[in-house]
Structure formats: structure tokens, C-alpha cells
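Working notes, beginning with the structure itself.
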Amino acid sequence: RKEVEQDPGPFNVPEGATVAFNCTYSNSASQSFFWYRQDCRKEPKLLMSVYSSGNEDGRFTAQLNRASQYISLLIRDSKLSDSATYLCGGGGATNKLIFGTGTLLAVQP
Amino acid sequence: DTGVSQDPRHKITKRGQNVTFRCDPISEHNRLYWYRQTLGQGPEFLTYFQNEAQLEKSRLLSDRFSAERPKGSFSTLEIQRTEQGDSAMYLCASSLETLSGYTFGSGTRLTVV
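Protein chains in written order, with the numbering used here: chain A, 907 to 1015; chain B, 3 to 115.
Here it is as C-alpha cells:
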């Protein structure tokens, strides 16, 4: 079993839709979690940190469920510009992050 | 320059040649990481440094791979006797010591022919 698992998608959604991604992790010692956005042939860019209390930034909401060992990302009112691959990453005390394979989102006009 | 920079951006090499990549992290970041990413996959951890000390190496990192960070600033990743399976994007990232997210460089895309 991979340490971090994501549904690779693709998720094809119309503009304005709400879309949610989940990511599960197997290492219960993981302490920090993040969502990254990666555009085609570009480097990953930090989108959000993920906290147990939830974290909201505009149209984006991230949540951590330690009991079930998953993190989620909710995107409301999807824009064409949200089309990208979304990577989740989790890490322990060393801050070494293990990433999932990424979830591809395609927002359709 | 406030970002992580990597050089070169692209490298095409013949099988069996040695290649070296360079990464310059954000200046105040004391942790530096190397990852490898292939198409359709997430970044795979290779190794990381805290200052000049290499603290962890992945089992993915065969004996042909070596990384250094001699003065705790820039880092180099060398691949000896390249193989076609080494073709990938090599990403460098840096962070502060606290549990913070990384900043990635734009990567070096290696093609072994």
C-alpha cells in the first residue's frame, strides 16, 4: 500500500461546480499535510496547509481527519483556471513530504 | 532572487554519460530536498539535507546517484552512467526547519537517449 493515495481522476466538472478531492495516508505519525497545485510541465506550488480545524482560503477549503487518516480539498465555484493536478503531501518530524500521485482536474466551459 | 533556482532547465544526454544538476535554495531555508517525478506520478523523495548534512536517502537512490551540499547553501545531484530509466523531472525544494510547506524549483528535465 502506498503511503499517500489519491484518486488520479480525471475529474471533469463544469464551470461553477463544487468539486472535492480526498487523499488517504497510512503513516499515523505524519504531522503536517499540504495541498499543492501543479500545472502541466511545471513545478508544484503550495496551495494550502491542512489543519485539523480546517483551513479556508477563498474558494478553497482543506480539512484533515486524523481518525480516518485522510485529508480533503474542496473547491467551490470552479474556474477554468483551476484546471491542474492537485497533489497532497504528508510529512513527519523531519518535514520530508511524501506525495500522492495527484488528481487531475479539468474544468469545462 | 526569492525563489528556488535549478540549473539546467533541460538536459539531454546519451546513455552511460554522467550528469550533474544544481539547486540554489531560498537563502534563509536550511532544509533542501531532491525529488524525482515521472509522467503521471507525484514527486518521489530522493534525499534531503539540513544545512550541509545529508540526513536521509531514499532506497530509490542507487549507487549511481550522489548529492552534496558542501557549504549548506547550493546543492548538486550527480547521476553516473545514466540509464534510460533515469529520464524524469528532477525537482529541488527548500524549507525552513519548522513543519512548513516546501518551495519547489522549476526542475531539471532529464532525457536519456
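We put the CB at the ideal spot given by N, CA and C, even for glycine.
With a CB to CB cut of under 6 Å and the five nearest residues on each side skipped, what residues in its chain are close to residue i?
i: P950 (chain A); result: Y942, Q944, L993
i: D26 (chain B); result: S7, F76
i: R38 (chain B); result: E46, L48, A90, Y92
i: F106 (chain B); result: L93, A95
i: Y104 (chain B); result: A95, S97
i: E909 (chain A); result: S932, N933, I1004
Taking all protein chains shown into account, decide if residue i is buried (16 or more other Cβ within 10 angstroms of its Cβ) or exposed.
i: T4 (chain B); result: exposed
i: V115 (chain B); result: exposed
i: G997 (chain A); result: buried
i: R71 (chain B); result: buried
i: T924 (chain A); result: exposed
i: C946 (chain A); result: exposed
Residue i and residue j look like a contact to me (Cβ under 8 Å); what is the Cβ gap, rounded to whole Å?
i: F940 (chain A); j: G995 (chain A); result: 5 Å
i: R33 (chain B); j: Q52 (chain B); result: 5 Å
i: L1011 (chain A); j: D988 (chain A); result: 6 Å
Among the residues of its own chain, which have a CB less than 7 Å from the CB of residue i, if the five just before and after it don't count?
i: E85 (chain B); result: R17, V114
i: S955 (chain A); result: F940, N961
How would you list, in chain order, the residues of chain B whose beta-carbon sits under 7 Å from the beta-carbon of residue i?
i: S955 (chain A); result: G103
i: P950 (chain A); result: P45, F106
i: G1006 (chain A); result: G44
i: F940 (chain A); result: G103
Cβ closer than 9 Å: which chain B residues qualify as neighbours of residue i?
i: E962 (chain A); result: Chain B residues near E962 (chain A): none, gap ~17 Å exceeds 9 Å.
i: F917 (chain A); result: Within 9 Å Cβ-Cβ: nothing; F917 (chain A) doesn't reach chain B, min ~15 Å.
What does residue i touch in chain A if you count any residue whose Cβ is under 8 Å from its own?
i: L63 (chain B); result: By Cβ distance, chain A contributes nothing, its closest Cβ being about 13 Å from L63 (chain B), past 8 Å.
i: L57 (chain B); result: T1000
What does residue i reach in chain B if we use C-beta pairs closer than 8 Å?
i: L993 (chain A); result: G44, P45
i: F966 (chain A); result: Here the premise fails: no neighbours, minimum Cβ distance about 14 Å.
Report the neighbours of residue i on chain A: residues whose CB is nearer than 9 Å to its CB, in chain order.
i: Y50 (chain B); result: T1000, N1001, K1002
i: G18 (chain B); result: Ordered by position in chain A, no residue passes the 9 Å Cβ test against G18 (chain B), which lies about 27 Å from the chain.
Residues of chain A with CB closer than 7 Å to the CB of residue i, please, in chain order.
i: S97 (chain B); result: N1001
i: G74 (chain B); result: Ordered by position in chain A, no residue passes the 7 Å Cβ test against G74 (chain B), which lies about 16 Å from the chain.
If I measure Cβ to Cβ from residue i and keep anything under 8 Å in the same chain, skipping five residues before and after, which residues do I get?
i: E54 (chain B); result: R71, P72, K73, G74
By the 9 Å beta-carbon criterion, what residues does the stretch 21 to 42 of chain B contribute toward chain C?
As a matter of chain content, chain C is missing from the structure shown, whose protein chains are A and B.
Mind listing which residues of the stretch 80 to 93 of chain B have their C-beta closer than 9 Å to chain A's C-betas, in chain order?
M91, L93
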